[in-house]
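Numbering (my numbering), first residue to last: 45 to 152.
Notes to accompany the following structure.
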Amino acid sequence: MASGGDPARTGKPVGSDLASRKATLPIVVALSSDCEAALELARLYRSDHAMTHREVVHAAELVETAGGRQAAQHFADERMRAAIAALPESMRCSELVALAQLVIDRDK
């Protein structure tokens, strides 16, 4: 659930979702928060020009400040725990739990 990562591992440039103004969960949560960082992020998202590298870096900082990444990670963790809890006891093995954790912690 990283907001950025090693481009060699993720297969895309750091901040590409922000640069293309995608509505990922961390970004939507950040835009929905009630803080100055959310207002500033919204201004960046509403602008018509292509974001500069500096603006993309700043937007990533705003998402972090507004709690977007942390909230999205928390949501993923909760959904994983709920999904595992819904499984019959016989299917709850450590390998399955490890796989689920790998999926939500992945870089790509």
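Each residue gets a CB set at the ideal place from its N, CA and C atoms; glycine is no exception.
A straight-line Cα-Cα distance of about 18 Å links alanine 63 and alanine 110. Going by DSSP, glycine 112 is part of the alpha helix (DSSP H) stretching over 112-130. Straight through space, the alpha carbons of glycine 59 and serine 134 are spaced by roughly 41 Å. Shown here, arginine 87 sits in a helix according to DSSP, grouped into three states.
Counting of Cβ neighbours within 10 angstroms places proline 132 among the exposed residues, the total staying below 16. With fewer than 16 other Cβ atoms inside 10 Å of its own Cβ, proline 57 counts as exposed. Per DSSP, the unbroken alpha helix (DSSP H) holding histidine 97 starts and ends at 97-109. For serine 76, the enclosing alpha helix (DSSP H) starts and ends at 69-76.
Annotation: alanine 94 is outside any alpha helix (DSSP H) and is labelled neither H nor E by DSSP. Check the Cα spacing between histidine 118 and each of Asp149, His93, Ile128 and Asp92: the tightest is with Asp149.
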